[in-house]
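Residue numbers (my numbering): 428 to 935. Idealized CB from N, CA, C, for every residue including glycine. Please read the structure below before turning to the comments.
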């Protein structure tokens, strides 16, 4: 039986009196893949940050290879053989792969031997099947490759334990299988993998053991071979979770509400990211947009809501031309709501409270403002109601949003945007970082908006989630719509071909 490379005993972590971790006991067997499951706010990321030295526990003991240790910083964690790949990558886009790996290496000073570093990276890349050029500039790499650079940074420092926080949340479907193969290679090389995930199929595919957390405590631990996805989901959220596609109900869509014609949008580098896209979304319809991440979906959404000015083409809402309208006008006058992919930079002000973030969208309008004066009581009442109905796990509505888990931040944004009673609801990667219970809640909300006659544009790289809610699916590749399907027409081969650039049609 494998020995324990890591063990935690009574680990507790407090934030302003709130117990994010409460007496956690956990053992990690050497040379295994160990998954950490739990609802949003269960304490998973906090626990991993304790292991990596980003947080110091108030109580408890960590043992590494059987010996008590105090991990006071990430640098110390790395010297002990513990590495972490964060959900948000920590790379300098303008530097090469080798230069990024060299950053922070101890004792290098001005005498960096980049050729030696590049040679070692080439060896590691070949050993783990990563196929990365050490001399490539990072900004030119797709997201999946950037994640591999992060892994190479850890392997270069010879980490014995590798921690991943939601590793596949940034990957396209065709990149996930390759990533899971990488985990198997790490295990085969004798390394130990800890990974936080909400995706039960990934746990079944690659993990040896799984620990489930609830409310800062360990609620279950089991061998993956002795359980299944339904059992893990039930233990994670405390109830049965719908795994089959939801019944959307038969609704006859009405007239088009959102109409996009021949839209061309450039990215920050001046390169065309959206190339002549035409689509429409009718009242009572969900149009899904599928595709590998980075194929113009973000630029399309940002142009529709007014965050990016299109190079050409038009955007109409209820037949009104809003192509040149500001974000404020689209939100207030035309009732366009947006759940952005990047909740930290676009969706929230992290140092504002939950209540303040709840009113961000409409803080100058009723009921949040009257005569230019913010109605504090109304703001607090609305925020309290929304966090209850959308199950935002928090200490109180005065808590800063930065201290919410990623999933709870997303639920707060979703509540704010949906509760504004939009005509058009645009959601970009809405289930990213959410647990299975929260995903189900998001999908039910989208279906309810559809039933209420709203036009919903649902953009995601999670094809299964799109199939659950969408009436039609537009596939994007290289900034173009390559085909439009109904859920019944989708096959793995057909959707894969469209995502790869095979054209079946140009309008949605």
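Query                                                                                                              : Result
Within 8 Å, strictly: CB atoms of residue 512 and residue 578                                                      : yes
Spatial distance of residue 897 from residue 823 (CA atoms)                                                        : 35 Å
N- and C-terminal bounds of the beta strand (DSSP E) containing residue 431                                        : 431-442
Helix, strand or coil at residue 521 [DSSP, three-state]                                                           : coil
4-residue-minimum alpha helix (DSSP H) runs that sit fully inside the stretch 476-534, ordered along the chain     : 501-506, 524-529
8 Å Cβ cutoff met for residue 868 and residue 818                                                                  : yes
Helix, strand or coil at residue 772 according to DSSP, with G and I counted as helix                              : helix
Ranges of the alpha helix (DSSP H) found wholly within the stretch 595-663, counting only runs of at least 4       : 600-615, 627-633
Where the alpha helix (DSSP H) containing residue 810 begins and where it ends                                     : 803-816
Environment of residue 636 [buried if 16+ CB atoms lie within 10 Å]                                                : buried
Inter-residue Cα distance where the pair is residue 619 and residue 808                                            : 47 Å
Closest residue to residue 841 among 886, 703, 764, 447 (Cα-Cα distance)                                           : 764
Buried/exposed call for residue 878, threshold 16 Cβ in 10 Å                                                       : exposed
Cβ neighbours of residue 778 in the same chain (closer than 7 Å, five flanking residues each side left out)        : 827, 829
Rounded separation between residue 886 and residue 853 - CA only                                                   : 8 Å
CB of residue 847 within 8 Å of CB of residue 804, strictly                                                        : no
Cα-Cα separation between residue 495 and residue 651, rounded to whole angstroms                                   : 28 Å
Euclidean distance between Cα positions of residue 702 and residue 592                                             : 34 Å
Status (buried if at least 16 other CB within 10 Å, exposed otherwise) for residue 723                             : buried
Local Cβ density within 10 Å of residue 908, reported as buried at 16 or more and exposed below that               : buried
For residue 453: DSSP bridge partner residues                                                                      : 435
Own chain residues within Cβ distance below 8 Å of residue 780, not counting five before or after                  : 824, 825, 826, 827, 828
Nearest-angstrom Cβ-Cβ length linking residue 861 and residue 834, presumed shorter than 8 Å                       : 5 Å
Exposed unless 16 or more other CB atoms sit within 10 angstroms - verdict on residue 567                          : exposed
Residue 544 beta carbon less than 8 Å from that of residue 519                                                     : no
First and last residue of the uninterrupted alpha helix (DSSP H) at residue 552                                    : 541-554
Limits of the unbroken alpha helix (DSSP H) element including residue 427                                          : As displayed, the chain neither begins before 428 nor continues past 935, which places residue 427 out of reach and without an answer.
Distance between residue 617 and residue 776 (C-alpha atoms, nearest Å)                                            : 42 Å
CB-CB length for residue 945 against residue 525, believed under 8 Å                                               : No information on residue 945 is available, as it lies outside the stretch 428 to 935 that the chain covers here.
Residue 591: first and last residue of the uninterrupted beta strand (DSSP E) it sits in                           : 588-592
Cross-strand partners of residue 461 (DSSP beta bridge)                                                            : 621, 636
Cβ-based neighbour list, residue 571, same chain, cut-off 6 Å, excluding 5 preceding and 5 following               : 598, 602
Outcome for residue 428 when other beta-carbon atoms lying within 10 angstroms are tallied against a minimum of 16 : With a pLDDT of 42 at residue 428, under the threshold of 50, the modelled position of this residue cannot be trusted; read the value that follows with caution. Exposed, since its Cβ has fewer than 16 Cβ neighbours within 10 Å.
Reduced DSSP category for residue 778 - H, G, I as helix; E, B as strand; rest coil                                : coil
Residue 689 (DSSP reduced to helix, strand or coil)                                                                : strand
Burial state of residue 857 (16 or more Cβ within 10 Å)                                                            : buried
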